[in-house]
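The first sequence begins at 1 in my numbering and counts up by one. Read the structure below first, then the notes.
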Amino acid sequence: MSEDKLPKQSENFSEWYNQLIQKAEMADYAPVRGCMVVRPYGWALWENIQKELDARFKASGHVNAAFPLFIPMSFLEKEKEHVEGFAPELAVVTIGGGQTLEEPLVVRPTSETIIGYMYSKWVKSYRDLPILINQWANVVRWEMRTRMFLRTLEFYWQEGHTAHETAQEAEEETLKILDLYTDFAINEAAVPVIPGIKSDAEKFAGAQRSYTIEAMMLDTKALQSGTSHNLGQNFAKAFDIQYLDRNNEQQFAWTTSWGLSTRFIGAIIMTHGDDQGLIMPPRLAPIQIVIVPIFRSEQEQEVVMTRVKEISAQLSQFRVKVDDRENLTPGFKFNDWEMRGVPLRIEIGPRDVANNTVVVAQRDIPGKAGKLFLSTENLATQVEDILNKFHDRLLEKATNFRDSHIFEPQDYAEFQKIISNGWAYAYWCGDPTCEDAIKQETKATTRCRDLYQEKSEGKCIYCGEPAQYKTYFARAY
RNA sequence: CGGGGUGUAGCGCAGUUGGCCAGCGCACCGCGUUUGGGACGCGGGGGUCGGCGGUUCAAGUCCGCCCACCCCGACCA
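Structure follows, in structure tokens:
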């Protein structure tokens, strides 16, 4: 609703991001430091993300449940790496109902512990496995530096927690979910992600192996956009999740956990947005089509609005918004909805009514070049096709951007040079010492080793020792 | 938690060496004219000047302390 222009991405990407979120009414700052209010337009996007993911979870045999917000402090302490990883960022409740609590309660930063406790009660036999449960929840992590959607004290996510009979099943589950996330990111959000495995230093606290989908933002920084962890038997041992196997012997279960959060909204914003504002991927867009009626007189208004209603009814399979605000000019509305990233805008004026046509403007192609003049006949079919092509263009554009900013430096000097303007795909020997040195010297961390990479012979970009795999290095959010 | 910065209307800001009634733009409300790429006129509403204390005849302005937020580092989905 503001006339103020956004900063350009190229001038100040960070300000562009912050201001856009406010102006587009995605979220607002809450009175508590580091907390955000997700406004209806932002939440609608999250709901569409939820809908798509939830359908995929259910189709692959998972069910939803809800576990408590409060976790006894002692639970966190049962898994050594887990507590070490999370202790610095816990919010702890020590008083309830005016009384000091006997045992402090942690506001969940993630739910492996309390769910592990429950699973130990529920699992007795190999017949009780697998357990495939997901929950949609909010969690709290007391972060030092926060940013809207990317890192807030409280955020919303889904966390899946599964328990299995064998190590192999757990690994299969972990990879199945990684694949599910990848499919969602690419086919719903048009965010090209790289699925891969995390280094030991970057893996989840308490996990045996962590997998990730990594996305490149338009400032070339990396964003970890979803994670899937194979927890091995770490949590099963900490919480005593045991079952009698087919040979009547006690075994520890194998567990996994995986999550995707409202951070993904940040990924969408920073993957597709431009100087004009947001560009919503059509399959997740809260509003897919906005109709802007144009008229001068009351007589014209009546004729135009009648047609607008007809068109709106024709397009009922899409998420359509009619902008009938009377105090604003069409020009203002055009800019307003472009800033909010609505994929298609349909303009209907007296001329269109007379000709049985509509003007369709496509958000990702600026100016007149993106305008289509369509017959009102079979409009829904035409629009469906246009939205599918829109998705394909977004994906292609984002993929091209990413690929043109991934470099394969031949030596460390080159590595240092390119890392401020892209990712490095380079051999790494696997030694955490090299990883840490690179981080200290360049601020770049290992993002992942892509999943299906073949072994090859090379030299570590840092120490020059033999290395078998290349790893993505980047500065990350 | 270290370094830097900012607090005056919803947002962005001005306010001189302390001085009369705390102002401007945008947004908001009313009326009228407008409306195919960010309209205009007229009229209006909205403030314990971040908080507490001090100096002074007089503090948005000077001094002290505190608080909050933002940016840069260490930590992170």
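The C-beta atom is built at its ideal place from N, Cα and C for all residues, glycine as well.
On the criterion of 16 or more Cβ atoms from any shown chain inside 10 Å, does residue i qualify as buried, or is it exposed?
i    : result
Y462 : buried
F473 : buried
N12  : exposed
M217 : buried
S10  : exposed
D352 : buried
I71  : buried
W46  : buried
E482 : Examination of residue 482 is not possible in this model, given that the chain is present from 1 through 477 alone.
F239 : buried
F373 : exposed
I365 : exposed
Identify the continuous beta strand (DSSP E) that holds residue i and give its terminal residues.
i    : result
H229 : 222-232
P104 : 99-107
A91  : 91-96
M217 : First-last for M217: undefined, no H or E at that position.
W142 : First-last for W142: undefined, no H or E at that position.
A369 : Unbroken run through A369: none, as it is neither H nor E.
A119 : One point to set straight first is that residue 119 is Tyr, not Ala, in the sequence displayed. Run containing Y119: none in the beta strand (DSSP E); it sits in the alpha helix (DSSP H), 112-122.
Quick one: give me the first and last residue of the alpha helix (DSSP H) that residue i is part of.
i    : result
L6   : Unbroken run through L6: none, as it is neither H nor E.
T442 : 432-442
G277 : From DSSP, G277 is part of no alpha helix (DSSP H); its letter is neither H nor E.
Pull up the distance between the alpha-carbon of residue i and that of residue j, whole angstroms please.
i    : j    : result
S2   : Q288 : Note that S2 has pLDDT 38, beneath the 50 cutoff, so the model's placement of it is unreliable and the number below is only indicative. About 22 angstroms.
G98  : L105 : 14 angstroms
I418 : P7   : 25 angstroms
A544 : I133 : The structure shown does not extend to residue 544, since the chain spans only 1 to 477, so no value can be given for it.
E173 : L231 : 11 angstroms
E103 : G96  : 11 angstroms
G34  : T227 : 23 angstroms
T182 : I213 : 7 angstroms
T381 : T306 : 21 angstroms
D436 : T445 : 8 angstroms
D219 : I294 : 38 angstroms
F235 : F332 : 56 angstroms
E84  : H62  : 30 angstroms
V193 : Y156 : 21 angstroms
V37  : R151 : 13 angstroms
Write down the C-beta distance between residue i and residue j rounded to the nearest angstrom, noting that I regard them as a contact closer than 8 angstroms.
i    : j    : result
T113 : K78  : 7 angstroms
F86  : P109 : 5 angstroms
I131 : Y117 : Rounded, the Cβ-Cβ distance is 13 angstroms, inconsistent with contact.
E514 : S257 : Residue 514 lies beyond the range of the chain shown here (1 to 477); nothing can be said about it.
S210 : K203 : 4 angstroms
A361 : G370 : 6 angstroms
F149 : T262 : 6 angstroms
V359 : A285 : No, V359 and A285 are not in contact; Cβ-Cβ is about 19 angstroms, not under 8 angstroms.
Looking at the strands, I want to know which residues DSSP matches up with residue i.
i    : result
E347 : V292, V359
A27  : V38
N134 : N64, G160
P195 : I213
L374 : V358
E154 : V140
C448 : Y472
W43  : W43 is not bridged to any residue.
P72  : L105
A285 : None, per the DSSP bridge assignment.
K51  : Answer is none; K51 lacks a bridge partner.
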